[in-house]
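What follows is a single structure, written as structure tokens, with notes after it.
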Amino acid sequence: MTFDLTPEQDQLRDAVRALGRRYGHSYFVEKARAGEHTTELWAEAGRLGYLGVNIPTEYGGGGGGITELAIVCEELAAAGCPLLLLVVSPAIAATVLSRHGTEEQRKRHLPGLADGSQKIVFAITEPEAGSNFHRLGTVARRDGNGWLLNGRKCYISGVDEAGHVLVVARVAVDDGPAGSADASAQKLKPALFLVPTDAAGLTRSKLDMEIVSPENQFLLYLDDVRVPADALLGESLDAGLPALFAGLNPERITVAAMGAGTGRYAIERASEYTATRKVWGGRSIGSHQGVSHPLAHAAVQVELARLMIQKAATLYDAGRDLEAGVAGNMAKYAAGEAAALAVDTAVQVLGGAGMTTEYGVATLLGAVRAGRIAPVSREMILNFVAQHVLGQDKSY
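Throughout, my numbering is defined as the position within the sequence shown, counted from one, plus 6.
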């Protein structure tokens with residue numbers, strides 16, 4: 007057992023940290039306030055190879071794994087630039103394509119994902135079903151040589167920045183004897199479709215969020231959206247369910263890494279302030295246990311979350327998907343709680359300064375609160391752990 011990064015991973019961490027600090031949290035906030043995107047940072051990260059670290063080398067990537075992508079997510083967040091689309095495009099879409107896409111789909115999309123010239127976002131959540139794919143209302147039906155998609159999606163990140171959206175839908179398939187025409191013998195199974203964001207019938211509506219972020223959230227409406235046969239991800243409908251699950255562990259691990267990085271950023275900002283701020287007799291306020299202990303407690307929680315993230319990423323990259331699922335959920339839970347605690351504690355110890363934009367911590371309150379909800383809520387993770395780790399009956 008080792009807790010050390012490889013020399014290459016250490017170099018990656020140092021390089022991404024340097025890049026993030028050149029832009030910094032003020033850049034992130036300025037872009038968000040102006041309604042703009044972090045285009046320059048994304049493009050430079052892509053040019054330097056950081057967006058494609060987990061993509062196979064034959065498609066222009068770095069040939070690493072989710073461990074390396076988690077490093078990128080964490081270090082940019084630790085510099086005050088938590089980029090949500092790192093989770094959506096390189097972690098989810100690129101992993102799904104690498105594992106389950108056709109060779110043509112991989113050749114068409116992965117090089118652009120690796121260099122940052124292309125983004126693919128992910129659409130599973132719905133107004134009625136949430137992310138319960140068993141209850142999704144978005145359906146796809148065959149139409150000649152192609153498919154027609156109908157349904158609604160919500161809280162879909164970055165649609166305005168992406169060329170394609172990976173839509174999770176359900177398709178009716180026969181489940182009865184050969185040649186059966188009995189509708190009761192049909193069932194709906196999940197399938198994923200690569201849908202151009204400018205496709206006819208696909209419309210979007212921006213959701214106004216109380217989160218300071220340069221990345222936007224949308225409602226999507228699919229009204230007879232026609233796509234060709236090769237828009238179906240994979241060689242057949244059988245690829246749908248494994249492809250869907252292939253994206254979940256990387257999503258949880260990289261979201262956790264982003265949360266841990268955000269927690270580190272907040273603690274660093276607060277520690278710098280409390281070590282130099284002197285009142286009531288000339289001692290630094292950090293010398294008082296009422297200030298230092300909450301910060302130390304938050305630092306412990308962030309570090310514990312980082313350890314679980316490292317374990318989850320290691321298990322995932324070793325192909326141990328079931329174990330990675332447990333560790334990934336635990337990592338996401340731990341990091342969500344730790345990030346929220348760290349930012350709240352930083353605001354508190356900074357006092358009035360903590361609520362100013364200048365000191366750059368209150369601007370993260372909305373994001374870390376959302377991290378306890380999405381992409382899977384803390385309560386659903388506890389349900390998962392209770393059922394799959396503790397052997398309890400399913401509660402829902």
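Note that CB positions come from ideal geometry on N, CA and C, so glycine has one too.
C-beta contact flag for residue i and residue j at 8 Å
i	j	result
Leu75	Asn60	yes
Pro133	Cys160	yes
Ala333	His106	no
Ala337	Ala311	yes
Ser219	Leu90	yes
Leu239	Gln111	yes
Ala413	Leu198	The requested residue 413 does not occur in the structure, where the chain is confined to residues 7 to 402.
Leu155	Thr144	yes
Thr406	Ala97	The structure shown does not extend to residue 406, since the chain is modelled only from 7 to 402, so the question has no answer here.
Tyr322	Ala330	yes
Lys125	Ser95	yes
Val367	Ala352	yes
Val102	Thr363	no
Gly67	Leu116	yes
Val177	Ala205	no
Ala99	Leu172	yes
Val22	Tyr56	yes
Ala146	Ala168	no
Ala272	Leu370	yes
Pro381	Glu216	no
Asp243	Val179	According to the sequence displayed, residue 243 carries Leu and not Asp. Their beta carbons are under 8 Å apart, which means Leu243 touches Val179 by this criterion.
Per-residue burial, residue i [other beta carbons within 10 Å of its own, 16 or more giving buried]
i	result
Leu313	exposed
Phe128	buried
Glu385	exposed
Thr3	This structure cannot speak to residue 3, because the chain is shown only from 7 to 402.
Gln307	buried
His140	exposed
Ile379	exposed
His31	buried
Val231	buried
Asn151	exposed
Lys316	A quick correction: the sequence has Gln, not Lys, at residue 316. By the 10 Å Cβ count, Gln316 comes out buried.
Gly287	exposed
Gly122	buried
Ala189	With a pLDDT of 45 at Ala189, under the threshold of 50, the modelled position of this residue cannot be trusted, and the question is left open.
Val395	exposed
Gly185	Reliability fails at Gly185, whose pLDDT of 48 lies under 50, so the model's placement of it is uncertain and no value is given.
Residues bridged to residue i [DSSP beta-bridge criterion]
i	result
Thr209	Tyr227
Asn156	Val145
Leu200	Leu172
Arg232	Leu154
Gly136	Glu132
Ile162	Phe224
Ala178	Leu194
Ile126	His170
Leu238	Phe199
Contact test: residue i Cβ vs the ligand PLP heavy atom, cutoff 7 Å
i	result
Arg105	For the ligand PLP, the structure offers nothing, since it holds no ligand at all.
Any C-beta of chain D under 8 Å from that of residue i
i	result
Ile273	Judged by its chain identifiers, the structure shown contains no chain D, having just a single protein chain.
>> Using 8 Å as the cut-off, can you tell me whether the segment 318-332 makes contact with the segment 347-362, which would need three or more C-beta pairs spanning the two stretches below that distance?
In response: no
> What are the start and end residues of each continuous alpha helix (DSSP H) run of 4 or more residues lying completely inside the segment 272-305, in chain order?
Replying inline: none
> Would you call the segment 85-101 and the segment 267-284 touching, i.e. three or more CB-CB distances under 8 Å?
Replying inline: yes
>> Would the segment 226-236 count as touching the segment 205-216 if we require 3 or more Cβ pairs under 8 Å?
In response: yes
> For the segment 28-82, which segments carrying the alpha helix (DSSP H) assignment without a break, of at least 4 residues, lie completely within its bounds, in sequence order?
Replying inline: 45-53
> Counting Cβ pairs closer than 8 Å, one from the segment 269-278 and one from the segment 289-302, do we hit at least three?
Replying inline: yes
> At what residue ranges does the segment 78-121 contain a whole run of the beta strand (DSSP E), taking only runs of 3 or more?
Replying inline: none
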